[in-house]
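Participant: So the sequences go chain by chain: A and B.
Position one of the first sequence corresponds to residue 1 (UniProt numbering), numbered consecutively onward.
Position one of the second sequence corresponds to residue 1 (UniProt numbering), numbered consecutively onward.
Protein chains: 2
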Amino acid sequence: MQYPQPITKLIESFSKLPGIGNKTAERLAFHVISSMKEDDATTFAKALIDSKRQLFKCPICGHITDTDPCMICADSHRDRSVIAVVQDPKDVIAIERMRGFKGLYHVLNGVLSPLDGMGPEDIGIPALIERLKDENVKELILALSATLEGDATSQYIAKLLKNTDVKVTRIARGLEMGRSIEYADEVTLIRALEGRRELF
Amino acid sequence: MQYPQPITKLIESFSKLPGIGNKTAERLAFHVISSMKEDDATTFAKALIDSKRQLFKCPICGHITDTDPCMICADSHRDRSVIAVVQDPKDVIAIERMRGFKGLYHVLNGVLSPLDGMGPEDIGIPALIERLKDENVKELILALSATLEGDATSQYIAKLLKNTDVKVTRIARGLEMGRSIEYADEVTLIRALEGRRELF
Numbered sequence: 001m002q003y004p005q006p007i008t009k010l011i012e013s014f015s016k017l018p019g020i021g022n023k024t025a026e027r028l029a030f031h032v033i034s035s036m037k038e039d040d041a042t043t044f045a046k047a048l049i050d051s052k053r054q055l056f057k058c059p060i061c062g063h064i065t066d067t068d069p070c071m072i073c074a075d076s077h078r079d080r081s082v083i084a085v086v087q088d089p090k091d092v093i094a095i096e097r098m099r100g101f102k103g104l105y106h107v108l109n110g111v112l113s114p115l116d117g118m119g120p121e122d123i124g125i126p127a128l129i130e131r132l133k134d135e136n137v138k139e140l141i142l143a144l145s146a147t148l149e150g151d152a153t154s155q156y157i158a159k160l161l162k163n164t165d166v167k168v169t170r171i172a173r174g175l176e177m178g179r180s181i182e183y184a185d186e187v188t189l190i191r192a193l194e195g196r197r198e199l200f
Numbered sequence: 001m002q003y004p005q006p007i008t009k010l011i012e013s014f015s016k017l018p019g020i021g022n023k024t025a026e027r028l029a030f031h032v033i034s035s036m037k038e039d040d041a042t043t044f045a046k047a048l049i050d051s052k053r054q055l056f057k058c059p060i061c062g063h064i065t066d067t068d069p070c071m072i073c074a075d076s077h078r079d080r081s082v083i084a085v086v087q088d089p090k091d092v093i094a095i096e097r098m099r100g101f102k103g104l105y106h107v108l109n110g111v112l113s114p115l116d117g118m119g120p121e122d123i124g125i126p127a128l129i130e131r132l133k134d135e136n137v138k139e140l141i142l143a144l145s146a147t148l149e150g151d152a153t154s155q156y157i158a159k160l161l162k163n164t165d166v167k168v169t170r171i172a173r174g175l176e177m178g179r180s181i182e183y184a185d186e187v188t189l190i191r192a193l194e195g196r197r198e199l200f
């Protein structure tokens with residue numbers, strides 16, 4: 001037996017989401033059908049559509065936004081001399097959540113990855129370089145993932161800016177909180193040793 | 001920092017779903033925003049709304065449907081002399097999936113539960129009794145959950161039909177497939193013993 005059409009469609013939509021298998025999709029669909037208020041379902045539907053139609057990349061920094069420029073670029077209280085380069089809008093959110101960083105961002109929306117055909121233009125590196133010319137930026141903090149591609153991207157950007165006035169830094173590598181040395185991988189240990197600092 | 005409004009709303013909607021926490025809701029929302037095609041998001045939104053607007057309970061059996069009567073009640077190939085009484089539309093789906101049952105259904109959409117204020121009228125027992133008068137039903141199979149409330153409901157229905165021509169049966173209790181006796185609970189073991197059958 002098949003489900004009535006509206007149920008099938010809803011299950012299909014849920015099961016297209018990452019990490020949601022058929023069983024869970026079925027459970028979620030039945031939750032919508034039998035327990036969710038019609039208002040909530042309408043709000044949900046509207047949120048789905050709005051999230052696709054009202055959001056775009058900030059023309060200045062590439063962060064996802066519904067205003068032009070984004071809230072961060074528009075905020076006059078932020079330190080315009082520091083720009084953190086990140087890979088993904090989610091990284092902006094993660095850094096903002098810790099409330100310690102007051103500079104601006106540049107979201108690449110990717111990293112260099114020749115195998116996937118991602119070159120410098122695809123992740124907007126020319127736009128970043130252009131931005132550094134326009135503004136009075138003193139430091140560029142590279143906050144990309146600690147992966148091969150992330151590191152290659154960091155090095156590529158650092159090289160481009162070698163003979164400019166912009167100081168290019170990279171966020172520290174080392175042991176994560178709670179990690180015991182015994183279980184840390186070799187590269188992490190090497191980086192942690194290299195990055196050692198005097199305590200007093 | 002807050003997310004732009006459309007992201008917040010989408011995260012809120014996802015996190016209202018059962019078993020979906022804030023982190024997962026965030027991940028799903030970002031999937032919709034950055035990876036989902038606009039067409040798919042529109043289809044998803046439409047499925048949500050249609051599932052609330054186009055579905056209703058079949059006036060005959062109480063199963064969820066978008067046609068009146070439902071596909072099962074309308075199917076002339078089904079055996080109209082047997083009705084299985086279940087608690088929930090999902091139970092109909094589960095039984096249909098095994099393809100062994102060719103009778104009709106009656107979906108109570110609940111069980112008797114005095115503490116929650118669920119009486120016989122709330123789960124449509126009068127309608128079930130009425131239905132048995134109208135049709136040429138020979139057997140009513142009680143296929144409710146093996147819980148206190150499920151059992152109480154089964155007994156209540158069986159009592160009501162005691163002096164009628166309708167045979168009332170209940171699906172078997174016993175060990176589930178793969179279960180070893182060592183780990184089965186007492187009540188299951190007692191029921192399994194009571195329900196023993198000759199092998200040859």
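Cβ coordinates follow ideal geometry from the N, Cα and C atoms, glycine included.
Here the structure is a predicted model, which means the values were calculated and not measured.
Distance, Cα to Cα, A:Ile157 vs A:Glu182?
Facilitator: Whole-angstrom Cα-Cα distance: 34 Å.
Participant: Which residues in the same chain have their Cβ closer than 8 Å to the Cβ of B:Thr8, if we skip the five residues on either side of it in sequence?
Facilitator: Closer than 8 Å at the Cβ level, and outside the excluded window around B:Thr8, lie Gln2.
Participant: For the region 141 to 174 of chain A, which residues have a beta carbon sitting closer than 7 Å to at least one beta carbon of chain B?
Facilitator: The residues in question: there are none.
Participant: Check whether the Cβ atoms of A:Val107 and A:Leu140 sit closer than 7 Å, and answer yes or no.
Facilitator: No, the pair does not count as a contact, with Cβ atoms beyond the cut-off.
Participant: Does any CB atom of chain A fall closer than 7 Å to the CB of B:Thr91?
Facilitator: First, the residue type needs correcting, since residue 91 of chain B is Asp and not Thr in the sequence shown. Answer no: the Cβ-Cβ gap between B:Asp91 and chain A never drops below 7 Å.
Participant: I'd like to check one pair, B:Ala45 with A:Ala45: are the Cβ atoms closer than 7 Å?
Facilitator: Yes; because the gap between Cβ atoms is below 7 Å, this pair is in contact.
Participant: Are the region 61 to 76 of chain B and the region 85 to 103 of chain B touching, with three or more C-beta to C-beta distances below 8 Å?
Facilitator: Because the criterion of three Cβ pairs below 8 Å is met, the region 61 to 76 of chain B and the region 85 to 103 of chain B touch.
Participant: Using Cβ-Cβ distances below 8 Å, what residues of the region 38 to 49 of chain B are close to chain A?
Facilitator: Of all residues in the region 38 to 49 of chain B, Glu38, Asp40, Ala41, Thr42, Thr43, Phe44, Ala45, Lys46, Ala47, Leu48, Ile49 have a Cβ within less than 8 Å of some Cβ in chain A.
Participant: Give the C-beta separation of B:Leu112 and B:Thr153 to the nearest angstrom, bearing in mind that I take them to be a contact with Cβ-Cβ under 8 Å.
Facilitator: That pair is a contact at about 4 Å.
Participant: Between which residues of its own chain and B:Ile171 is the CB-CB distance below 6 Å, once the five residues before and five after are set aside?
Facilitator: Hits under 6 Å: Ala143.
Participant: For B:Lys138 and B:Val82, which I take to be in contact (beta-carbon distance under 8 Å), what is that distance rounded to the nearest angstrom?
Facilitator: The pair is a contact, with the Cβ atoms about 7 Å apart (cut-off 8 Å).
Participant: Taking B:Arg170 as part of the beta strand (DSSP E), name the residues at either end of that continuous run.
Facilitator: 167 to 170 is the extent of the beta strand (DSSP E) around B:Arg170.
Participant: Counting only beta-carbon separations shorter than 7 Å, does B:Val187 have a partner in chain A?
Facilitator: By this cut-off, B:Val187 is not an interface position.
Participant: May I ask you to list the residues that DSSP assigns as paired with A:Leu140?
Facilitator: Beta-bridge pairing links A:Leu140 to A:Ile83, A:Val168.
Participant: Report the residue from A:Glu38, A:Gly62, A:Val187 whose alpha carbon sits nearest the alpha carbon of B:Phe56.
Facilitator: The option with the nearest alpha carbon to B:Phe56 is A:Glu38.
Participant: Is it a yes or a no for the region 15 to 23 of chain A touching the region 57 to 69 of chain B, going by three-plus beta-carbon pairs under 8 Å?
Facilitator: Touching, no, given that fewer than three Cβ pairs across the two stretches are closer than 8 Å.
Participant: Counting only the same chain and skipping the five closest in sequence on each side, list residues whose C-beta sits under 6 Å from that of A:Gly110.
Facilitator: Contacts found: Met118, Ile123.
Participant: A:Asp79 CB to nearest chain B CB: under 7 Å?
Facilitator: With 7 Å as the cut-off, A:Asp79 does not count as an interface residue toward chain B.
Participant: Strictly by DSSP, which residues pair up with A:Phe56?
Facilitator: Paired residue(s): A:Thr65.
Participant: For B:Val107, write down the residues that DSSP places opposite it in a beta bridge.
Facilitator: According to DSSP, which records beta bridges pairwise, B:Val107 is partnered with B:Val86.
Participant: Which residues in the same chain as B:Ser180 place their Cβ atom closer than 7 Å to its Cβ, once the five residues preceding and following it in sequence are excluded?
Facilitator: Closer than 7 Å at Cβ, skipping near neighbours: no residue.
Participant: Considering only the beta carbon of each residue, do A:Leu10 and B:Ala47 sit closer than 7 Å?
Facilitator: Going by C-beta atoms, A:Leu10 is nearer than 7 Å to B:Ala47.
Participant: Compute the Euclidean distance between the alpha carbons of B:Ala25 and B:Lys52, then round it to the nearest angstrom.
Facilitator: Answer to the nearest angstrom: the Cα atoms are 22 Å apart.
Participant: Using a beta-carbon distance cut-off of less than 9 Å, what residues from the region 18 to 31 of chain A approach chain B?
Facilitator: Cβ contacts with chain B: Pro18, Gly19, Ile20, Thr24, Glu26, Arg27, Leu28, Ala29, Phe30, His31.
Participant: Determine the chain B residues that contact A:Tyr3 at a beta-carbon separation under 8 Å, and present them in chain order.
Facilitator: Result: Ile93.
Participant: Name the chain A residues whose beta carbon is nearer than 8 Å to that of B:Pro6?
Facilitator: Here the neighbours are Ala47, Asp50, Ser51, Gln54, Leu55, Asp66.
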